[in-house]
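This report concerns only the one structure given below.
Chains as they are written, first to last, in this note's numbering: chain A, 1 to 204; chain B, 205 to 397.
Printed below as a string of structure tokens:
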């Protein structure tokens, strides 16, 4: 057995990991080869020095800190799962599109409802004060920008009720009348007012 | 019953979310894992943090764990990769100096002698010797150092070490032989042949 083969097996021989037959061969070679013997000795000495490397002990809070990190990991995994999903381009854009569509729909419906309510208010006031022709004198100084620059309500004006008796306009109705932004059929009301003036003139 | 709680059994329970099983596994491998990382990185300060990372990875990977090989092999593979990444990060930031003054002297056996002066002197000699050994090991190439620590300190067989290092047994033998040869040259001051 040549030195090269022996040296390949020396490490395992040193760690007693060689088979029985091979161990005997190596021992026989070591008996006659000082170089391989020296190499084995140096391996043993290096091993002995490596045994002095030492070890460390863990801190008493190792387990506690580990469990805290695992709990935090469990919490983050839920959020990160959701964010990972949202980071997908098609998911994010679909979500935005859906949100925009829903917002638009809600906005339109809200606007429609508001306009409908305003229209109902206008019709109610019309029915109440205009009735068969006589009606309230609509303040002409009111402008489409009344909402931003509200006109101070005039003193309680009176109007002719269908029965002919004077009638005080409540404040809540006055706002409807004065705020031309809310009046959907402002032109019609204006025409009615004009018609009413003409009627009064003709009567007189 | 201890016989029923093999590593594989514990991992199967961890897969189902059993934290008690995970804690038992941590108890079983904590010391050897921390010391493996310490001996490989030669960095005591980071050993516990790195051990935490390894256990966290074990916990996260439990769902994908398949008992095809020994659990310890799987664990040391994760630990080796984690430690290697740490070392590479350290190298990229700055050169790591295994300086005697900056390194904390831990795990060095103390000599109990009556004479205080002799005690101090002996202690210093021992400390210097350990420092030399640790420095020599730290300067080995990563693969050689890994092979050395896994077989010498963690008690893995050549086959198990080969599985961790993802190479053949002859390759592991070669790594060990070269590591010992290098150490013999570097430890010539303490190793008299």
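Cβ atoms here follow ideal geometry from the backbone N, Cα and C, with glycine treated the same way.
**Request:** To the nearest angstrom, report how far apart residue 18 of chain A and residue 37 of chain A are at their CA atoms.
**Result:** Within the first chain, numbered from 1, the residue matching residue 18 of chain A stands at position 18. Within the first chain, numbered from 1, the residue matching residue 37 of chain A stands at position 37. Straight-line spacing of the CA atoms in residue 18 of chain A and residue 37 of chain A works out to 17 Å.
**Asked** Can you find a CB in chain B that lies within less than 9 Å of the CB of residue 103 of chain A?
**Response** Taking the first residue of the first chain as position 1, residue 103 of chain A is located at position 103. No, its Cβ sits nowhere closer than 9 Å to a Cβ of chain B.
**Endpoints, the alpha helix (DSSP H) within which residue 100 of chain A is located** = In the first chain, the residue the question calls residue 100 of chain A occupies position 100. Residues 89 to 125.
**Asked** To the nearest angstrom, how far is it from the Cα of residue 373 of chain B to the Cα of residue 362 of chain B?
**Response** Mapped onto the second chain, residue 373 of chain B falls at position 169. Mapped onto the second chain, residue 362 of chain B falls at position 158. About 6 Å.
**Request:** Note down, in chain order, every chain B residue with its Cβ under 8 Å from the Cβ of residue 63 of chain A.
**Result:** Within the first chain, numbered from 1, the residue matching residue 63 of chain A stands at position 63. Proximity of chain B to residue 63 of chain A at the Cβ level (cut-off 8 Å) is accounted for by 227, 230, 231, 234, in chain order.
**Prompt:** Taking Cβ positions only, does residue 8 of chain A come closer than 9 Å to chain B?
**Reply:** The residue you call residue 8 of chain A lines up with position 8 of the first chain. Under the Cβ distance rule, residue 8 of chain A counts among the residues neighbouring chain B, one pair being separated by less than 9 Å.
**Request:** May I ask you to verify whether the stretch 38 to 57 of chain A touches the stretch 2 to 19 of chain A, counting CB pairs closer than 8 Å and requiring at least 3?
**Result:** Look at the beta carbons and you see the stretch 38 to 57 of chain A touching the stretch 2 to 19 of chain A: at least three pairs across the two are nearer than 8 Å.
**Request:** For residue 18 of chain A, return the contacting residues in chain B, with the cut-off set at a CB-CB distance below 9 Å.
**Result:** Looking up residue 18 of chain A in the first chain gives position 18. Residues of chain B passing the Cβ test: none, with the nearest at roughly 11 Å.
**Message:** If we define contact as Cβ-Cβ less than 9 Å, is residue 387 of chain B a contact residue for chain A?
**Reply:** Against the second chain, residue 387 of chain B aligns to sequence position 183. So yes, residue 387 of chain B belongs to the interface.
**Asked** residue 212 of chain A by DSSP, collapsed to three states: which one?
**Response** With chain A covering 1 to 204 only, the question about residue 212 of chain A has no answer from this structure.
**Request:** Give the range of the alpha helix (DSSP H) segment to which residue 261 of chain B is assigned.
**Result:** The residue you call residue 261 of chain B lines up with position 57 of the second chain. Residue 261 of chain B -> alpha helix (DSSP H) spans 248 to 265.
**Request:** Measuring only between beta-carbons, confirm whether residue 357 of chain B sits less than 9 Å from chain A.
**Result:** Here residue 357 of chain B is taken as the residue at index 153 of the second chain, counted from 1. Yes, residue 357 of chain B lies at the interface with chain A (some Cβ there is under 9 Å from its Cβ).
**Message:** With H, G and I counted as helix, E and B as strand and the rest as coil, what does DSSP make of residue 2 of chain A?
**Reply:** For the purposes of this step, residue 2 of chain A is taken as residue 2 along the first chain, with counting starting at 1. Three-state DSSP puts residue 2 of chain A in coil, outside helix and strand.
**Message:** So, at 7 Å on beta carbons, what are the nonlocal neighbours of residue 210 of chain B in its own chain, with the 5 sequence-adjacent residues on each side left out?
**Reply:** Taking the second chain and counting its residues from 1, one reaches residue 210 of chain B at position 6. Closer than 7 Å at Cβ, skipping near neighbours: no residue.
**Item:** Integer Cβ distance of residue 255 of chain B from residue 219 of chain B, believed to fall under 8 Å
**Value:** For this step, residue 255 of chain B is matched to residue 51 along the second chain. For this step, residue 219 of chain B is matched to residue 15 along the second chain. A Cβ-Cβ separation of about 21 Å leaves residue 255 of chain B out of contact with residue 219 of chain B under the 8 Å criterion.
**Asked** So, helix, strand or coil for residue 36 of chain A, using DSSP?
**Response** The residue labelled residue 36 of chain A in the question sits at position 36 within the first chain. Correct three-state label for residue 36 of chain A: helix.
**Asked** Hey, is residue 50 of chain A's beta-carbon within less than 9 Å of any beta-carbon in chain B?
**Response** The count along the first chain starts at 1 and reaches residue 50 of chain A at position 50. For residue 50 of chain A, the answer is yes, since a Cβ of chain B falls inside 9 Å of its Cβ.
**Residues of its chain near residue 351 of chain B, where Cβ-Cβ distance is below 8 Å and the 5 sequence neighbours each way are ignored** = Within the second chain, the letter at position 147 stands for residue 351 of chain B. Correct list, in chain order: 365, 369, 376, 379, 380, 383.
**Prompt:** When you check each C-beta in the stretch 249 to 265 of chain B against every C-beta of chain A, which residues fall closer than 8 Å?
**Reply:** Those residues of the stretch 249 to 265 of chain B that come within reach of chain A (Cβ to Cβ, closer than 8 Å) are 251, 252, 255, 256, 259, 260, 263, 264.
**Asked** Pairing CB atoms from the stretch 271 to 287 of chain B with CB atoms from the stretch 243 to 259 of chain B, are three or more of them under 8 Å?
**Response** Here the stretch 271 to 287 of chain B lies against the stretch 243 to 259 of chain B, with 3 or more beta-carbon pairs under 8 Å apart.
**Asked** When the Cα atoms are used, what is the spatial distance from residue 90 of chain A to residue 213 of chain B?
**Response** By one-based count along the first chain, residue 90 of chain A stands at place 90. By one-based count along the second chain, residue 213 of chain B stands at place 9. Going by C-alpha positions, residue 90 of chain A is about 42 Å away from residue 213 of chain B.
**Message:** Distance cutoff 9 Å, beta carbons only. Does residue 22 of chain A sit that close to anything in chain B?
**Reply:** Position 22 of the first chain, counted from the start, is the residue given in the question as residue 22 of chain A. When Cβ-Cβ separations below 9 Å define contact, residue 22 of chain A makes no contact with chain B.
**Item:** Near-chain B residues of the stretch 32 to 44 of chain A (beta-carbon distance less than 9 Å), N- to C-terminal order
**Value:** Cβ proximity to chain B below 9 Å picks out 38, 39, 41, 42, 43 from the stretch 32 to 44 of chain A.
**Request:** Tell me whether residue 228 of chain B sits in a helix, a strand or coil according to DSSP, three-state version.
**Result:** The sequence position of residue 228 of chain B within the second chain is 24, counting from 1. For residue 228 of chain B, the secondary structure class from DSSP, reduced to helix, strand or coil, is helix.
**Prompt:** In chain order, what residues of the same chain have a beta carbon less than 6 Å from the beta carbon of residue 225 of chain B, not counting five sequence neighbours either side?
**Reply:** Along the second chain, read from residue 1 onward, the residue named residue 225 of chain B stands at position 21. Taken in chain order, the residues that qualify are 214, 217, 218.
**Message:** Can you tell me where the alpha helix (DSSP H) holding residue 274 of chain B begins and where it ends?
**Reply:** For the purposes of this step, residue 274 of chain B is identified with residue 70 of the second chain, where counting begins at 1. No alpha helix (DSSP H) contains residue 274 of chain B, which DSSP labels as neither H nor E.
**Prompt:** Using the C-alpha atoms, what's the distance from residue 286 of chain B back to residue 271 of chain B?
**Reply:** Reading the second chain from its first residue, position 67 is the one you call residue 271 of chain B. Reading the second chain from its first residue, position 82 is the one you call residue 286 of chain B. For residue 271 of chain B and residue 286 of chain B, the distance between alpha carbons rounds to 21 Å.
**Item:** For residue 170 of chain B, the first and last residue of its enclosing alpha helix (DSSP H)
**Value:** Nothing can be reported for residue 170 of chain B, as the shown portion of chain B is limited to 205 through 397.
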